[in-house]
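Student:
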Amino acid sequence: MLYNTYKEIFMGLPQPVITQQMVIAELTKAGINRDIAVDLSYRYYTNELTYKDIEYLKESFDIKLKHLEDKIGNVKDELDIKIDTVENNLNVKINTKFNELDKKNRH
1 MLYNTYKEIF
11 MGLPQPVITQ
21 QMVIAELTKA
31 GINRDIAVDL
41 SYRYYTNELT
51 YKDIEYLKES
61 FDIKLKHLED
71 KIGNVKDELD
81 IKIDTVENNL
91 NVKINTKFNE
101 LDKKNRH
């Protein structure tokens, strides 16, 4: 009876199908060398991933994440500079127009 309940609860639910090719594609998309991705995906499917494999993935993803964060920071800084430049240019144009209007009103 308990087995049937377990079977109904856990085995009766549709499970997503993740193929080895999908794992390889995701790992290579994340920047992992294709040969390493193939090896890791094979070991994933045969339940042979080791702690070292998981450490490698973590380090690899941490490095990629750090590079991504640095790039985002650089883009943010560049955008801040561009926004400041546009704001300054607009302020100069506005001040110029006000000065022109002041000169016209004095005459």
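Position 93 of the sequence shown, counting from 1, maps to 93 under the working numbering, and the rest follow consecutively. Ideal Cβ positions, reconstructed from N, Cα and C, are used throughout, including at glycine.
#1: If you draw a straight line from the alpha carbon of Asn-105 to that of Asn-99, how long is it in whole angstroms?
#2: Any chance the segment 83–93 sits against the segment 53–73, with 3 or more Cβ pairs inside 8 angstroms?
#3: Specify, as a first and last residue, the run of the alpha helix (DSSP H) that Leu-57 falls within.
#4: Starting from Glu-26, follow the alpha helix (DSSP H) in both directions and report where the run begins and ends.
#5: If I'm right that Thr-50 touches Ala-37 with Cβ under 8 angstroms, what's the distance once you round it to whole angstroms?
Tutor: So, to answer that:
#1: 10 angstroms
#2: no
#3: 51–106
#4: 20–29
#5: Contact flag wrong, Cβ pair sits at about 16 angstroms.
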